[in-house]
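In terms of the working numbering, the sequence shown is residues 134 to 221.
Written below as structure tokens is the structure these notes are about.
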Amino acid sequence: MRLTQVKAGQRAIIKRINDNKYRGQITRFGLLEGVQILCIKNIKKGPVIVNLNNFHLAIGQQLANQIVVRRESYEKAEASFSWKPQRR
């Protein structure tokens, strides 16, 4: 599935970047293969807004269409995004 198909609230892992023309631009933002993201908002005919390490990033539709992702299951995503305070 492509990043443009991910709905708000869904988590996904970046699997592949299809076009080498966009690969450099995408990796500069930290969107590397294997990275987990959270879709904040997917605006039709507008940007896809994702959360990447507590940083919101707006990605245009043309660029987002070049990013292939695998959607995470809810339970798996919750476990990987859970935060536990450190004891001192």
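Backbone N, C-alpha and C define an ideal beta-carbon position, used for all residues, glycine too.
Next item on the list: Give the secondary structure of ASN153 by DSSP, where H, G and I count as helix, E and B as strand, and everything else as coil.
Entry: Locating residue 153 in the sequence shown gives position 20, counting from the first residue. In the three-state DSSP reduction, ASN153 falls in the helix class (H, G or I).
Margin query: What would DSSP say about ALA191, mapped onto helix, strand or coil?
Written below: Within the sequence shown, numbered from 1, the residue matching residue 191 stands at position 58. ALA191 falls in the strand class under three-state DSSP.
Margin query: Extract the residue ranges of the alpha helix (DSSP H) inside the segment 139-183, only unbroken runs of 4 or more that lie entirely within it.
Written below: 153-161
Next item on the list: Counting only the same chain and skipping the five closest in sequence on each side, list residues whose C-beta sits under 8 Å from that of GLN194.
Entry: Residue 194 sits at position 61 when you count from the first residue of the sequence shown. Answer for GLN194: THR137, LYS178, GLY179, PRO180 and VAL181, listed in chain order.
Check: Using the C-alpha atoms, what's the distance from LYS148 back to GLU166?
Finding: Along the sequence shown, one-based indexing puts residue 166 at 33. Along the sequence shown, one-based indexing puts residue 148 at 15. Straight-line Cα distance between these residues: approximately 5 Å.
Notebook entry, point to check: For the candidate residues SER206, VAL139, LEU185 and GLN143, whose alpha-carbon lies nearest to that of ILE159?
Noted result: Translated into the one-based positions of the sequence shown, residue 159 becomes position 26. Looking at the Cα atoms, LEU185 is the closest of the given residues.
Next item on the list: Would you mind reading off the limits of the beta strand (DSSP E) that contains ARG203?
Entry: Translated into positions along the sequence shown, residue 203 becomes position 70. Run containing ARG203: 200-204, per the beta strand (DSSP E) assignment.
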